[in-house]
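Chemist:
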Amino acid sequence: MADTTLLWNARIVDGSGAREGMAISIDGARIVRVEHIVTDEVPPGAIDVVGKSVLPGLIDVHNHFMSGLDRSPGFGPPKAKQGDIPRPRALGHYVLAASANAILRSGFTSIRDVGCYDDESLVAGQAISLGVVPGPRIFSCGRIISATAPGGTIFGSMYREADGPWDMRKAVREQIRRGAHFIKFMATGARSVVAEDPEPPQMTLLEMEAIVDEAHRMGVRVAAHAEGLAGTRWALEAGADAIEHGLALHRDPSLLDLMAERGTVLVPLSPRSMISPSALSTTSRKCWSTRRNDSSRRPI
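Mapping the sequence shown onto the numbering used here, position 33 (from 1) lands on 1460, and the numbers just tick up by one.
Below, the structure is given as structure tokens:
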């Protein structure tokens, strides 16, 4: 068949070890057969990939897929210079398409979007699924549900601010209506927001329970942005299915035991994604690096 591709003499790495001397048959976009080769002679039309490795598509489980013209290194246009003509907002659509293609070509076949502006990731995911543009499968939370907080001013349409259990339920229903694959809420503030303290819970336990109950009632899983210990504890008590960051979990190992018992997922993102060491002095940078590595290891 014209759409059939045969990779010959490949090394397959699938998480269970490396297997040498493999043949991989691909029909269109699907792998249909994997087997050991019986001869080194390359069949006519096959692609000899000896010495190269083939592995399953990677999954980025914490991605903010957005079209920000100043937040897409490698995907977006060069930084604007003083005096340049203002760039139209519509240029962002092309940045989204370029980002999707670059992510796919980097080996990532799925991404889990945990917050973008407007409905960009949902629309991009639909364009990809319809074959309009190439890109990875996108699983999106829609807009992040947050109590009224300073972060809402900074992140704008990335958030859906709500107050009180019933408004939280409505916010969940809105994300499901938009096409969200899961729900994400702010159990604590974010370190990246100067006016927010990431230690205390950002919303009440009743509000968290309302979010989780409403989502689970509709068969949708829930992720919680949780940095401080108190907010993390409440998110788990409310029944969140995933904890994003979890920077304080090492302070109460019993919560890790509870997560293991329930099958709650930890996405252990390091603070390195929240601040830039380049802005620090040499001495401060060394101190930050040591503390950063320690805070990355201890929750795990």
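Virtual Cβ for every residue (Gly too), placed ideally from N, Cα, C.
In chain order, what residues of the same chain lie with their CB nearer than 7 Å to the CB of Leu1534, ignoring the 5 residues before and after it?
Modeler: If you number the sequence shown from 1, residue 1534 lands on position 107. Here residue 1534 is Gly; the residue named in the question, Leu, does not match the sequence. Counting only Cβ-Cβ distances below 7 Å, and skipping sequence neighbours, we find Gly1484 and Leu1485.
Chemist: Output needed for Leu1633: all residues of its chain with C-beta closer than 6 Å, excluding positions within five of it in sequence on either side, in chain order.
Modeler: By one-based count along the sequence shown, residue 1633 stands at place 206. Cβ within range, chain order: Pro1592.
Chemist: In whole angstroms, what separates the C-alpha of Ala1666 from that of Ser1584?
Modeler: In the sequence shown, the residue the question calls residue 1666 occupies position 239. In the sequence shown, the residue the question calls residue 1584 occupies position 157. In the sequence as presented, Ala is not what sits at residue 1666; that position holds Gly. If you take the alpha carbons of Gly1666 and Ser1584, they lie about 26 Å apart.
Chemist: For the segment 1467-1475 and the segment 1508-1518, state whether three or more C-beta atom pairs, one from each stretch, are separated by less than 8 Å.
Modeler: no
Chemist: Keeping to the same chain, check which residues put their C-beta closer than 6 Å to that of Arg1596; ignore five residues upstream and five downstream.
Modeler: For the purposes of this step, residue 1596 is taken as the residue at position 169 of the sequence shown. Excluding positions up to five away in sequence, the list reads Ala1637 and Glu1641.
Chemist: State yes or no: is the C-beta of Met1635 within less than 7 Å of the C-beta of Ser1573?
Modeler: Working through the sequence shown from its first residue, we reach residue 1635 at position 208. Working through the sequence shown from its first residue, we reach residue 1573 at position 146. Taking 7 Å as the Cβ cut-off, Met1635 and Ser1573 do not qualify as a contacting pair.
Chemist: Within a Cβ cutoff of 7 Å, which residues of the same chain sit near Val1647, ignoring the five residues on either side of it in sequence?
Modeler: Locating residue 1647 in the sequence shown gives position 220, counting from the first residue. Taken in chain order, the residues that qualify are Ile1603, Phe1609 and Ile1610.
Chemist: Taking only the alpha-carbon atoms, compute the straight-line gap between Ala1706 and Ser1619 and give it to the nearest angstrom.
Modeler: The residue labelled residue 1706 in the question sits at position 279 within the sequence shown. The residue labelled residue 1619 in the question sits at position 192 within the sequence shown. Because the pLDDT at Ala1706 is just 46, under 50, the model does not fix this residue reliably, and the value given afterwards should be weighed accordingly. Approximately 14 Å between the Cα atoms of the pair.
Chemist: Between Ile1458 and the rest of its own chain, which residues show a CB-CB distance below 8 Å, the 5 nearest in sequence each way excluded?
Modeler: Taking the sequence shown and counting its residues from 1, one reaches residue 1458 at position 31. Excluding positions up to five away in sequence, the list reads Ile1451 and Ser1452.
Chemist: Can you tell which of Arg1689, Thr1691 and Gln1553 has its C-alpha closest to the C-alpha of Arg1605?
Modeler: As a working note, residue 1605 is residue 178 in the sequence shown. That would be Gln1553, whose Cα lies nearest to the Cα of Arg1605.
Chemist: How close, in whole Å, do the beta carbons of Phe1566 and Asp1590 come, if the pair is a contact with beta carbons under 8 Å?
Modeler: Reading the sequence shown from its first residue, position 139 is the one you call residue 1566. Reading the sequence shown from its first residue, position 163 is the one you call residue 1590. Contact doesn't hold; Cβ gap of about 28 Å is too wide.
Chemist: If you reduce the DSSP assignment to three classes, tell me which class Trp1715 lands in.
Modeler: Walking along the sequence shown from the start, residue 1715 turns up at place 288. In this predicted model, Trp1715 has a pLDDT of only 45, less than 50, meaning its place in the structure is not dependable; the value taken from the coordinates is given anyway. Trp1715 falls in the helix class under three-state DSSP.
Chemist: Only counting runs of 3 or more residues, tell me where the beta strand (DSSP E) segments fall wholly within the segment 1465-1521, in order along the chain.
Modeler: Runs of the beta strand (DSSP E) lying entirely within the segment 1465-1521, each at least 3 residues long, are 1485-1490 in chain order.
Chemist: Mark Asp1624 as exposed unless 16 or more other C-beta atoms lie within 10 angstroms of its C-beta, in which case mark it buried.
Modeler: Within the sequence shown, numbered from 1, the residue matching residue 1624 stands at position 197. Result: exposed.
Chemist: Starting from the Cα of Ala1439, find the closest Cα among Thr1431, Glu1462 and Asp1430 and give me that residue.
Modeler: The residue given as residue 1439 occupies position 12 in the sequence shown. Checking the sequence shown, residue 1439 turns out to be Ile, not Ala. That would be Glu1462, whose Cα lies nearest to the Cα of Ile1439.
Chemist: Among Ala1437, Glu1588, Leu1683 and Leu1674, which has the Cα closest to the Cα of Glu1664?
Modeler: Taking the first residue of the sequence shown as 1, we reach residue 1664 at position 237. When each option's Cα is compared against that of Glu1664, the closest is Leu1683.
Chemist: Taking only the alpha-carbon atoms, compute the straight-line gap between Pro1680 and His1672 and give it to the nearest angstrom.
Modeler: Along the sequence shown, one-based indexing puts residue 1680 at 253. Along the sequence shown, one-based indexing puts residue 1672 at 245. Each residue's Cα considered, the two are about 15 Å apart.
Chemist: Name the two residues that bound the continuous beta strand (DSSP E) containing Met1730.
Modeler: Given a span of 1428 to 1727 for the chain in the structure shown, any question on residue 1730 remains unanswerable.
Chemist: In this structure, how does DSSP classify Glu1626 when only helix, strand and coil are distinguished?
Modeler: Your numbering for residue 1626 matches position 199 in the sequence shown. In the structure shown, Glu1626 adopts coil according to DSSP, grouped into three states.
Chemist: Apart from the five residues on each side of it in sequence, which residues of its chain come closer than 8 Å, Cβ to Cβ, to Leu1531?
Modeler: Walking along the sequence shown from the start, residue 1531 turns up at place 104. Excluding positions up to five away in sequence, the list reads Pro1561, Gly1562 and Pro1563.
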